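A.B. asks: Mapping the sequence shown onto the UniProt record's numbering, position 12 (from 1) lands on 12, and the numbers just tick up by one. The structure is given below, and queries will be raised subsequently.
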Amino acid sequence: MISTYSTLDRGTSHFRIRRNAIIAGLYTGLMSIVVAIFCGWRLVVNARQKESLQDVYWGVQVSYLANLGCQVATLFFSTILIAAVNKENAPMIVPWVIGTIAFLAMEAVGTVYSNVLRDHVNHEFDTLCKIEASFLICRGAIDCLALYAVLRVYRALRTGVRFSGPEQVEL
Numbered sequence: 001m002i003s004t005y006s007t008l009d010r011g012t013s014h015f016r017i018r019r020n021a022i023i024a025g026l027y028t029g030l031m032s033i034v035v036a037i038f039c040g041w042r043l044v045v046n047a048r049q050k051e052s053l054q055d056v057y058w059g060v061q062v063s064y065l066a067n068l069g070c071q072v073a074t075l076f077f078s079t080i081l082i083a084a085v086n087k088e089n090a091p092m093i094v095p096w097v098i099g100t101i102a103f104l105a106m107e108a109v110g111t112v113y114s115n116v117l118r119d120h121v122n123h124e125f126d127t128l129c130k131i132e133a134s135f136l137i138c139r140g141a142i143d144c145l146a147l148y149a150v151l152r153v154y155r156a157l158r159t160g161v162r163f164s165g166p167e168q169v170e171l
């Protein structure tokens with residue numbers, strides 16, 4: 001299947017796979033910034049309330065640090081993804097795909113771990129726990145859509161589709 005972008009761009013937005021992949025990269029990058037800011041805020045708040053967390057303080061802090069590390073790496077991979085889609089380089093897309101899957105799973109483990117530790121101290125899941133869990137589930141669902149969009153571009157590039165249009169040949 002060798003084609004140009006113009007044949008894929010006709011019709012509804014369903015076929016605009018390059019644009020969807022760039023939007024997926026922008027989404028994951030911006031969401032990683034938002035979550036990194038949240039993790040940084042929680043690290044500062046937890047440091048100020050060290051006595052209230054008692055013996056689980058370091059576990060909660062480590063889980064937020066792990067989530068912060070995941071978000072920084074996701075931001076890095078998102079910039080690589082945007083460059084890869086713009087340059088039509090399929091092998092550069094692979095780190096984003098692997099990173100998104102791995103870091104989403106690691107973030108889920110870190111979020112659940114910090115919430116379980118805080119539950120151990122509070123003896124109930126607080127409102128922040130419920131907000132974190134629902135935000136993580138929503139982001140996970142949207143990340144699945146982003147993965148789908150990026151994998152469509154990856155498959156198209158691997159089969160020979162070029163989005164830049166026909167090359168001009170001078171005779």
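A virtual CB, placed ideally from N, CA and C, is assigned to each residue, including glycine. Since the structure is predicted, the reported quantities are computational estimates derived from the model, not experimental observations.
Going by beta carbon distance, what residues of the same chain come within less than 8 Å of Gln54, once the five residues before and after it are set aside?
C.D. replies: The residues are Val121.
A.B. asks: Alpha carbon to alpha carbon, what distance is there between Glu170 and Gly29?
C.D. replies: Looking at the two C-alpha atoms, the distance is approximately 40 Å.
A.B. asks: Using three-state DSSP, classify Leu171 as helix, strand or coil.
C.D. replies: If DSSP states are grouped into helix, strand and coil, Leu171 belongs with coil.
A.B. asks: Let me know the alpha helix (DSSP H) ranges lying completely inside the stretch 31 to 63, each 4 residues or longer, listed in chain order.
C.D. replies: Segments of the alpha helix (DSSP H) lying fully in the stretch 31 to 63: 50 to 53.
A.B. asks: May I have the straight-line CA-CA distance separating Pro91 from Thr127, to the nearest angstrom?
C.D. replies: Taking the straight line from one Cα to the other gives about 42 Å.
A.B. asks: Where Tyr154 and Ile93 are concerned, what is the direct C-alpha to C-alpha distance, given to the nearest angstrom?
C.D. replies: If I take the Cα positions, the gap works out to 7 Å.
A.B. asks: Are the beta-carbon atoms belonging to Ser164 and Glu88 less than 8 Å from one another?
C.D. replies: It is a contact, given that the beta carbons lie within the stated cut-off.
A.B. asks: Exposed or buried, Arg18, counting other C-beta atoms within 10 Å across all chains shown (16 or more means buried)?
C.D. replies: Classification for Arg18: buried.
A.B. asks: In whole angstroms, what is the alpha-carbon distance linking Ile80 and Trp96?
C.D. replies: Approximately 7 Å, taken between the alpha carbons.
A.B. asks: Buried or exposed for Gln71, please, with buried defined as at least 16 other CB atoms from any protein chain shown within 10 angstroms of its CB.
C.D. replies: Burial call: buried.
A.B. asks: Relative to the alpha-carbon of Ala73, which residue among Val85, Ile98 and Lys50 has its alpha-carbon at the smallest distance?
C.D. replies: Comparing Cα positions, the closest option is Ile98.
A.B. asks: Which residue wins for smallest C-alpha separation from Cys138, given the options Val35, Leu157 and Trp41?
C.D. replies: Residue Val35 is the option with its Cα nearest to Cys138.
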